[in-house]
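This report concerns only the one structure given below.
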Amino acid sequence: EVLAALLFMAIVIPVAMHGLQVAARAGSLADRKREAVRVAERGLNESIVTTNWNKSALSGTVIEAEREYKWQLRSESWSQTDMRLLSVQVEFPVQGQDYSVEMSTLANVQ
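All you need for our numbering is the position in the sequence shown, starting with 1, plus 17.
Below you can see the structure in the form of structure tokens.
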């Protein structure tokens with residue numbers, strides 16, 4: 018019985034550890050995405066207020082909660098002549114893998 022219990026534990030423990038790693042990565046990814054969305058939203062809002070979107074592309078790096086996020090703002094023409102499509106892409110690493118979040122909005126050229 019003891020050998021059977023040890024064999025069962027030898028099978029279950031690695032599976033449980035893998036599950037904990039997946040859960041930890043999902044939690045870290047959710048936190049980083051939340052912060053990246055905040056960076057993207059701030060970038061869009063500042064660009065609209067300061068009309069920085071008149072330039073073709075802007076980029077930079079932001080520190081949020083002691084983590085580094087790289088962002089890039091793109092301005093593209095929209096089907097209506099007096100509107101521009103503004104998009105901010107924010108890139109960030111989580112446990113050795115790169116992820117990104119993108120937000121877009123329309124801005125009036127006037």
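The beta-carbon is built from N, C-alpha and C at its ideal position, and this holds for glycine as well.
In this structure, does DSSP put GLU58 in helix, strand or coil? By one-based count along the sequence shown, residue 58 stands at place 41. In the structure shown, GLU58 sits in a helix (DSSP, three-state: H, G or I).
Go ahead and label ARG49 buried or exposed: buried means 16 or more other beta carbons lie within 10 angstroms of its beta carbon, across all protein chains shown. Counted from its first residue, the sequence shown places residue 49 at position 32. Per the 10 Å Cβ criterion, buried.
Looking at the unbroken beta strand (DSSP E) that takes in ASP115, where does it start and where does it end? Locating residue 115 in the sequence shown gives position 98, counting from the first residue. Taken as a continuous stretch (DSSP letters only), the beta strand (DSSP E) holding ASP115 covers 114-125.
If you count every other CB in all the chains shown that lies within 10 Å of the CB of PHE25, and 16 or more means buried, which is it? Position 8 of the sequence shown, counted from the first residue, corresponds to residue 25. PHE25 is exposed by the Cβ-count criterion.
Determine the direct distance from the alpha carbon of VAL105 to that of VAL79, and round the result to whole angstroms. Translated into positions along the sequence shown, residue 79 becomes position 62. Translated into positions along the sequence shown, residue 105 becomes position 88. So the two alpha carbons sit approximately 13 Å from each other.
GLU83, enclosing beta strand (DSSP E) - first and last residue: Start at 1 with the first residue of the sequence shown, and residue 83 comes out as number 66. Neither: GLU83 is in no beta strand (DSSP E) and is coded neither H nor E.
Residue closest to GLN89, alpha-carbon to alpha-carbon, out of ALA53, GLY113, THR98, GLU83: Numbered from 1 along the sequence shown, position 72 holds the residue referred to as residue 89. Measuring from the Cα of GLN89, the nearest candidate turns out to be ALA53.
Given 8 Å, three or more beta-carbon pairs between the stretch 29-38 and the stretch 83-102: no
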